[in-house]
Amino acid sequence: MTTTLPTATPSRAGGRLFDWRLLLGVLGVAVLLVVSLFTGQFDIFGDPDGARMFAITRIPRTLALVLAGAAMSMCGLVMQLLTQNRFVEPTTTGTTEWAGLGLLGVMVLFPGASIAARMGGAVLAAFIGTFVFFLFLRRVSLKSSLIVPIVGIMFGAVVGSVSTFIALQTDMLQSLGIWFAGSFTSVMRGQYEALWIVAVVVVAVFLVADRFTVAGLGKEVATNVGLNYDRVIMLGTGLIAIATGVVTVVVGNLPFLGLIVPNIVSMFRGDDLRSNLPWVCLLGIAIVTVCDLVGRTIIAPFEVPVSLILGVVGAIVFIALLLRQRRHG
Amino acid sequence: MITLTNVRKSYGDEVTIGPVDLQIPTGGITALVGPNGAGKSTLLTMIGRLMGMDQGAIEIAGFDVASTASKDLAKIVSILRQENHFITRLTVRQLVGFGRFPYSKGRLTQHCEDTISKAIDFLELTDLEHRYLDQLSGGQRQRAYVAMVLCQETDHVLLDEPLNNLDMKHSVQMMRHLKRAATELGRTIIVVLHDINFAGQYADHICAVKDGRVVEFGTPAVIMTDEVLTRVFDTDVQVIDGPNGALAVYY
Amino acid sequence: MAEATIARPAAERRTPPARRRTSGALPTPRARRRYWIVLAILIVLATGFAFGLLAWDNPLPVGSDGFWRIAQMRATSVLVMAIVAVCQATATVSFQTATNNRIITPSIMGFESLYIAIQTSAIYFLGVTGLVALTGLPQFVLQVAVMVGLSLLLYGWLLSGRYGNLQIMLLIGIIIGGGLGSISTFMQRLLTPSDFDVLTARLFGSVSNADPDYFPVAIPLCVVASVALWLRSRRLNVLTLGREATINLGLNHKSEIMKVLFLVSLLMATSTALVGPMTFLGFLVATLAYQFAGSADHRHIFPVAVLTGFVVLAGAYFIMKNVFYAQGVVSIIIELVGGSVFLFVILRKGRL
Numbered sequence: 001m002t003t004t005l006p007t008a009t010p011s012r013a014g015g016r017l018f019d020w021r022l023l024l025g026v027l028g029v030a031v032l033l034v035v036s037l038f039t040g041q042f043d044i045f046g047d048p049d050g051a052r053m054f055a056i057t058r059i060p061r062t063l064a065l066v067l068a069g070a071a072m073s074m075c076g077l078v079m080q081l082l083t084q085n086r087f088v089e090p091t092t093t094g095t096t097e098w099a100g101l102g103l104l105g106v107m108v109l110f111p112g113a114s115i116a117a118r119m120g121g122a123v124l125a126a127f128i129g130t131f132v133f134f135l136f137l138r139r140v141s142l143k144s145s146l147i148v149p150i151v152g153i154m155f156g157a158v159v160g161s162v163s164t165f166i167a168l169q170t171d172m173l174q175s176l177g178i179w180f181a182g183s184f185t186s187v188m189r190g191q192y193e194a195l196w197i198v199a200v201v202v203v204a205v206f207l208v209a210d211r212f213t214v215a216g217l218g219k220e221v222a223t224n225v226g227l228n229y230d231r232v233i234m235l236g237t238g239l240i241a242i243a244t245g246v247v248t249v250v251v252g253n254l255p256f257l258g259l260i261v262p263n264i265v266s267m268f269r270g271d272d273l274r275s276n277l278p279w280v281c282l283l284g285i286a287i288v289t290v291c292d293l294v295g296r297t298i299i300a301p302f303e304v305p306v307s308l309i310l311g312v313v314g315a316i317v318f319i320a321l322l323l324r325q326r327r328h329g
Numbered sequence: 001m002i003t004l005t006n007v008r009k010s011y012g013d014e015v016t017i018g019p020v021d022l023q024i025p026t027g028g029i030t031a032l033v034g035p036n037g038a039g040k041s042t043l044l045t046m047i048g049r050l051m052g053m054d055q056g057a058i059e060i061a062g063f064d065v066a067s068t069a070s071k072d073l074a075k076i077v078s079i080l081r082q083e084n085h086f087i088t089r090l091t092v093r094q095l096v097g098f099g100r101f102p103y104s105k106g107r108l109t110q111h112c113e114d115t116i117s118k119a120i121d122f123l124e125l126t127d128l129e130h131r132y133l134d135q136l137s138g139g140q141r142q143r144a145y146v147a148m149v150l151c152q153e154t155d156h157v158l159l160d161e162p163l164n165n166l167d168m169k170h171s172v173q174m175m176r177h178l179k180r181a182a183t184e185l186g187r188t189i190i191v192v193l194h195d196i197n198f199a200g201q202y203a204d205h206i207c208a209v210k211d212g213r214v215v216e217f218g219t220p221a222v223i224m225t226d227e228v229l230t231r232v233f234d235t236d237v238q239v240i241d242g243p244n245g246a247l248a249v250y251y
Numbered sequence: 001m002a003e004a005t006i007a008r009p010a011a012e013r014r015t016p017p018a019r020r021r022t023s024g025a026l027p028t029p030r031a032r033r034r035y036w037i038v039l040a041i042l043i044v045l046a047t048g049f050a051f052g053l054l055a056w057d058n059p060l061p062v063g064s065d066g067f068w069r070i071a072q073m074r075a076t077s078v079l080v081m082a083i084v085a086v087c088q089a090t091a092t093v094s095f096q097t098a099t100n101n102r103i104i105t106p107s108i109m110g111f112e113s114l115y116i117a118i119q120t121s122a123i124y125f126l127g128v129t130g131l132v133a134l135t136g137l138p139q140f141v142l143q144v145a146v147m148v149g150l151s152l153l154l155y156g157w158l159l160s161g162r163y164g165n166l167q168i169m170l171l172i173g174i175i176i177g178g179g180l181g182s183i184s185t186f187m188q189r190l191l192t193p194s195d196f197d198v199l200t201a202r203l204f205g206s207v208s209n210a211d212p213d214y215f216p217v218a219i220p221l222c223v224v225a226s227v228a229l230w231l232r233s234r235r236l237n238v239l240t241l242g243r244e245a246t247i248n249l250g251l252n253h254k255s256e257i258m259k260v261l262f263l264v265s266l267l268m269a270t271s272t273a274l275v276g277p278m279t280f281l282g283f284l285v286a287t288l289a290y291q292f293a294g295s296a297d298h299r300h301i302f303p304v305a306v307l308t309g310f311v312v313l314a315g316a317y318f319i320m321k322n323v324f325y326a327q328g329v330v331s332i333i334i335e336l337v338g339g340s341v342f343l344f345v346i347l348r349k350g351r352l
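Chains as they are written, first to last, in the UniProt record's numbering: chain A, 1 to 329; chain B, 1 to 251; chain C, 1 to 352.
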C-alpha cells in the first residue's frame, strides 16, 4: 500500500494528454471562474464604478483562485511523489505551520516589512521545515504509510505551538488566526500580484514531475538511472516551499487541498502521472473556486473564509479516503 | 494433529485462499512450500488464529480454533511471524520470559524461570541471555524469537519463514534446532520454507501450496520428484541424488 | 501437552552460571540499584518542589497557624498538579503502548480540539457569560462525559469489525480534531478582542483554570482509571510486542486495546476538562520516563512517569514563579520543551 502511487508511463502520455474529456474539464472550470467573476455584493453592472471595481477586485480574486488552487494541489502532488506516500501534503507535514512561523518571525522582528520580505521569511521557513521532515523520512523505516501523516501533524503542532507562544508574547494571537485562515476576501489589485510566482511552480512541476517519481523510489534507484538525487530533492523542496510560503502570505492556509486533489484524480483516472497533471491543476482550481463561492454566498453579505470550508470538506474527504483504504487493506 | 476442513479466505478483489482440506500429522516437521504469493503464510496465520477465515474450520488437537478461548489455544499452539519489531528494549531473557504468559499471566514462578533457562540453553543463547535484542546478530535474534515460542511449551509450533534473512550457516543451525525440538521435545513443528532443499532435507512432511490450494502433501520422498516440483513451482526442476539425499536443481 | 520438558543438549552444556537466573525486568543488581536511585531522586525532587510551592515566600514562620492557612490555599494547585501528572503520565504511557508507537500523544486525538471548540462556542454564542455557564460541577462532568463518549464512539466504530485498523483510527481522530480546530479558529476570529482575551486564558493549559469544586469527581476518576491501568501492567507489557505476539500469547488484542483506550480517554478527558490543553506534557514525561526507568516493565515505568510528570510541572511552576516571576507562561514553556524533545526524538529514531 505504500508504493501504489502515480507512476509515469510516458509512452502513453503523448496521446492522452489532450482529449475531449480534458476539454470538458477546462470548460467546466471556466464556467466556475465566470460565476466567480460575477458573484459578489457590489453591483458591477448597475453601478457607474462597476467596471473599475470589476478590474480591481473580481479579476484579481479569480486569478488568485486559479493560481493558489493549481499551486497548492501541485505542491501536494510533488510531496506525494517524493515521499511515495498518498497522505502527505503541506498540512500533514508541518510545512504550512513552518511558513506561518516564518511569516510571524518577520512580522515580529520587522513590523513594517514589505510583502516580499514576509514571503521570503515564509518560504525560507517552509523550506527548512519540509527539508527536516524529508530528512526524517529518509532516516526511518516505516511499518505503515499512515505513520507519516500522524508524525507530520504532530510535527506541525510543535511548530504551531512555537508560533502561538510568540504571538501570545507579542499580543498578536488573534491576528495570527486571521492571517493563517485562508481567505480570498482581501485579494485585490496591487496585493495579489506576487501570486504569479507560484505559476512558475506549476510549470516546473509539469516539466520535471517524472524525476520526482524516480527520486521518490529512493536514492539508490535514482542514482542508478542517472539522476542527481540530492538536486531533485532540493528542487522539489524548493518548489513546495515557494508555493506554500507565497500562498500562505497572500491568501492564507488552504488545508488538505494538496491531499485530496491528487487522490481524487488518481481514483478516477488511475495512476498515469503525465496525463493526470492537467487534471490535478483543474480539480485544484475547481475545488478552491467552489469553496470560495460557497464561502461568499452562504452568509452573504459576510464571508466565511475558504480555509474553514476546505478544512471541513477536506477532513471529510480525507476520512473517506482512509476508510476506502481500510477496506482495500 | 491439525485438521483444516474446507477453509476459505478471500481478501482484496483477486486473492483467494482455498478451499483447503488438510491434515497435518502430529510430530515431526511439516514444511509448507510453494511459489511466492501461493498463500503459505496466510494458511499458517489462519491456523495460528492471527487471521480469521471466511469459511470452514480448523482444529488443533481437537480444539476448534475459532471457538476455543484464545488463552487456552496459547497453551496448545504458538506462532512466530517473520517481522518482529518491538517498541521496547528487551533482553533475550525478558523476551523468552513472555512465552510463559499463558501460564503465569506475567507473574513468573520458579518453574517458569527453569523453563525459560532451558529454552535459552536449548537454542544456545545462555551467554547472551542478558544482552538486548538490538545488540544481537540476525541469526541470534531469530533464535531468541524461536526460544520464546518454544518456552510457551505448546505441542504445536508454527514458524513463518524462520530462515528469512539468515545466511547458510545460520539457516542450517536453525533447521537443526527445529529438528531437535521435534525429536527431543516431541513438538509438532509447521514451518513455511522458501528453499525446497531445506524442506527435503529436514522436514518429515512437505505440503505444497499453489494458488491458494494445497496441491501435494506427502513425505519428502514423494514430493521430491521432477514431476511434482516442476508442477508446483511452474519451472523445470530436476531432482538428483546428493550426498545427503535428494536435491532439487532448478537452475 | 505442557509436560514436554526441554532437555538440555549434553554436548552444548555450559557451566551453569553461579547466580540464580531470573527474568525480571531489572535483570542485574546494577539495573535494580539504578532504578531505585532514580525513583528516590524523583521522590526527593517531587517533595522538595511541592514543599517549595507551599512554603516558599510564605511570610509566616513554618508551623504557625497563618503559615498553614496560606499553605492550604496553595495546596489546591499542588493537588491539581498531582492530578494532571497522574493523568497525563499514565495515559500517555498506556496510549503509546496500546498504539505501539512511542512518538505519539493521546492529546492530539481530538480531546483538546473538542475542549477548545466547547469553550470557543460557549463564548461565541453566549458571550463572556457563556464561560460562566461552563463552570460548575455538572458542567465539568458533562464535558468529561462528552469527550469520553465521543472517543468511545470513534474507537468502537473504527476498531471493531473486519477492517479494524489502529493507525487509521489514530489518523481519523487527529483529522477530526483538525476539522474542529478550524471551526474554532473561525469563531475566534469573529470574537471581539476583549472576549478573545477572556477566551485566551482557557486555550492554554493552566493549573489556575482548575476549580477545587471539581475535585470530588476528578480525583476519583483519576485514581480509579490510573489504578486500573497499573493493575493491567502485565498485559500492557505483552501489548508492547505487537498484535500478533499478543494474540499468540492468548490475549484478545482488540478488547485489550479497547479497554486501555477507554481508561486513557477517561484520564485525558479529566485532565483536559480540569486545566485545559497540555499537548506535549504527556509526551515529554513519557519519553523521559522510559530513559529514567531503564526497564520495559510497566510496573516500573508508571511510577517513574508519574513522578517525572509531577517534578516537571511543579518544578516549572516553582521556578517560573519564584525566579522569573512569569507563572502564566508555564504551560507554554512545557509545550516548547516537550515539542523540542519530540523533534529530537523523531530525528534520532530509526524505525516507526
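Every residue, glycine too, gets a C-beta built ideally from N, C-alpha and C.
Given residue i as reference, the closest of the options once Cα atoms are compared
i                      : options                       : result
residue 151 of chain B : B:231, B:95 and B:227         : B:95
residue 130 of chain A : A:107, A:172 and A:99         : A:99
residue 200 of chain A : A:74, A:23 and A:52           : A:74
residue 264 of chain C : C:331, C:224, C:289 and C:330 : C:224
residue 213 of chain B : B:1, B:11, B:14 and B:21      : B:21
residue 54 of chain A  : A:35, A:71, A:72 and A:67     : A:35
residue 242 of chain A : A:72, A:305 and A:24          : A:72
residue 226 of chain C : C:86, C:133, C:218 and C:113  : C:86
residue 125 of chain A : A:103, A:24 and A:135         : A:103
residue 80 of chain B  : C:244, C:32 and C:149         : C:244
residue 106 of chain A : A:62, A:64, A:60 and A:176    : A:176
Partner residues on chain C for residue i, Cβ-Cβ distance less than 9 Å
i                     : result
residue 52 of chain A : Result: empty, since nearest Cβ-Cβ is about 30 Å, beyond 9 Å.
In DSSP terms, what residue i is bridged to
i                      : result
residue 217 of chain B : B:207
residue 7 of chain B   : B:20
residue 239 of chain B : B:248
residue 55 of chain B  : B:8
9 Å Cβ cut-off: residues of chain A touching residue i
i                     : result
residue 43 of chain C : Simply none; closest approach about 30 Å.
Same chain, Cβ closer than 8 Å to residue i, neighbours up to 5 away in sequence not counted
i                     : result
residue 54 of chain C : 71, 74, 75 and 78
Per-residue contacts from residue i into chain B (C-beta, under 7 Å)
i                      : result
residue 296 of chain C : 88, 89, 90 and 94
residue 244 of chain C : 50 and 81
residue 23 of chain C  : 93, 94, 97, 108, 113 and 116
Same chain, Cβ closer than 6 Å to residue i, neighbours up to 5 away in sequence not counted
i                      : result
residue 89 of chain C  : 285, 305, 306 and 309
residue 90 of chain B  : 133
residue 189 of chain B : 29, 157, 178 and 182
residue 145 of chain B : 80 and 84
residue 217 of chain B : 207
residue 281 of chain A : 70
Contact set between residue i and chain C, taken where Cβ atoms lie within less than 7 Å
i                      : result
residue 116 of chain A : By Cβ distance, chain C contributes nothing, its closest Cβ being about 26 Å from residue 116 of chain A, past 7 Å.
residue 157 of chain A : 108 and 279
residue 73 of chain B  : 250
7 Å Cβ shell around residue i - same chain, five flanking residues per side excluded
i                      : result
residue 293 of chain A : 35, 36 and 39
residue 159 of chain A : 94, 97, 98, 101 and 129
residue 347 of chain C : none
residue 338 of chain C : 280, 281, 283 and 284
Contact list for residue i against chain A, beta-carbon separation under 8 Å
i                      : result
residue 335 of chain C : 161 and 165
ask   = Listed in chain order, which residues of the region 268-293 of chain C have Cβ atoms closer than 8 Å to some Cβ of chain A?
value = 279 and 280
request  = Closer than 7 Å, Cβ to Cβ, to anything on chain A: give me those residues from the region 184-214 of chain C, in chain order.
outcome  = Cβ contacts with chain A come from 185, 186, 188, 189, 193, 196 and 200.
query = If contact means a Cβ-Cβ distance below 8 Å, which residues of the region 295-308 of chain A contact chain C?
reply = 304, 305, 307 and 308
query = In chain order, what residues of the region 158-174 of chain B put their CB closer than 8 Å to some CB of chain C?
reply = none
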